[in-house]
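Notes follow once the structure below has been shown.
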Amino acid sequence: MSTTTTTDVAELSRKIDQLAAQVQFLTEEALIARERRQERDELMADITPLAGEAYQYAVRQLEQVDRYVTLDDMTHMVKKLLRNVKNLEELLDRMESIKEFIEDATPLTQSGVISLMDALQDLEHRGYFAFIRSGGRVLDNIVTSFTEEDVRALGDNIVLILQTVREMTQPEVMTMLQDTARTVREEEVPEDITWRALARQMRDPATKKGLAKLMLTLRTISGEQPGEH
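Heads up: the sequence shown runs through residues 3 to 231, numbered per the working numbering.
Here you go:
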């Protein structure tokens with residue numbers, strides 16, 4: 003009898019402990035729920051004025067564009083954005099790649115800019131830019147000095163002009179012009195030259211050759227071809 007009573011008491015004590023544990027668990031859960039509810043209420047109390055202000059601001063902004071944008075337009079735009087989420091994601095990925103590329107290329111770009119500035123400074127020091135500026139003034143003088151008819155005539159005769167320049171720049175012609183210029187510049191003609199001295203120079207083969215070329219030149223200028231009589 004005593005053994006049965008002891009067992010019943012132990013079982014009752016165990017159930018009481020379980021019930022107390024369950025009550026404690028429920029109490030803790032109730033406290034946690036109350037804390038969460040309080041936090042939610044506080045959050046809503048903080049958000050509600052902000053939400054009201056945001057709503058009023060949105061209403062004011064929408065009133066300004068109400069004539070240009072309808073609800074259907076906004077709905078269509080939202081749907082289109084949702085349909086192109088993957089495209090937008092790919093675009094953002096590409097933008098990130100471009101950003102990384104720019105960050106990696108910035109040092110190289112800076113080095114290239116420095117090299118370019120050094121090269122431009124060297125060209126300026128050597129006079130290239132001054133030559134280009136002078137060439138621009140020369141070109142401006144040419145443009146302002148010739149009329150449209152002059153340019154058209156130049157175009158019609160450009161082949162003949164180039165052929166003449168080619169002939170004038172032949173080595174023998176350039177050598178003759180150089181020798182002539184040097185002689186005129188350096189050689190002085192005696193003031194008391196006599197006919198006898200001139201006659202002696204006429205017997206000089208070089209003088210004879212020069213006179214022959216002079217006669218051929220004069221004949222060409224007159225329009226008569228060499229060999230014609």
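Quick reminder that beta carbons are idealized off the backbone N, C-alpha and C, glycines included.
Handout entry: Spatial distance of Asp142 from Gln203 (CA atoms)
Key = Going from the Cα of Asp142 to the Cα of Gln203 covers about 49 Å.
Handout entry: Inter-residue Cα distance where the pair is Glu92 and Phe103
Key = 16 Å
Exercise for the section: Can you give me the Cβ contacts of Arg168 inside the same chain, cut-off strictly under 7 Å, excluding the 5 residues immediately before and after it? Expected result: Cβ neighbours of Arg168 beyond the five flanking positions: none.
Practice task
Grab the span of the alpha helix (DSSP H) containing Asn86 for me, first residue to last.
Solution key: Segment: none, Asn86 is in no alpha helix (DSSP H) and carries neither H nor E.
Practice task
Have a look at Ala183 and Thr171 and give me their C-alpha separation to the nearest angstrom.
Solution key: 15 Å
Handout entry: Limits of the unbroken alpha helix (DSSP H) element including Tyr130
Key = 130-147
Handout entry: Close beta carbons around Met3, own chain, < 8 Å, minus the five adjacent residues each side
Key = At Met3 the pLDDT is 47, less than 50, meaning the model places this residue with poor confidence; the figure from the coordinates comes in the next sentence. Here the set comprises nothing.
Practice task
In angstroms with no decimal places, state the Cα-to-Cα distance between Thr7 and Glu13.
Solution key: Taking the straight line joining both Cα atoms gives about 10 Å.
Problem - C-alpha distance - Asp206 paired with Asp158, whole-angstrom precision - result: 45 Å
Problem - Where the alpha helix (DSSP H) through Thr222 begins and ends - result: 207-223
Practice task
Mind checking which residues open and close the alpha helix (DSSP H) that includes Glu158?
Solution key: The amino acid occupying residue 158 in the given sequence is Asp; Glu does not appear at that position. Asp158 -> alpha helix (DSSP H) spans 150-158.
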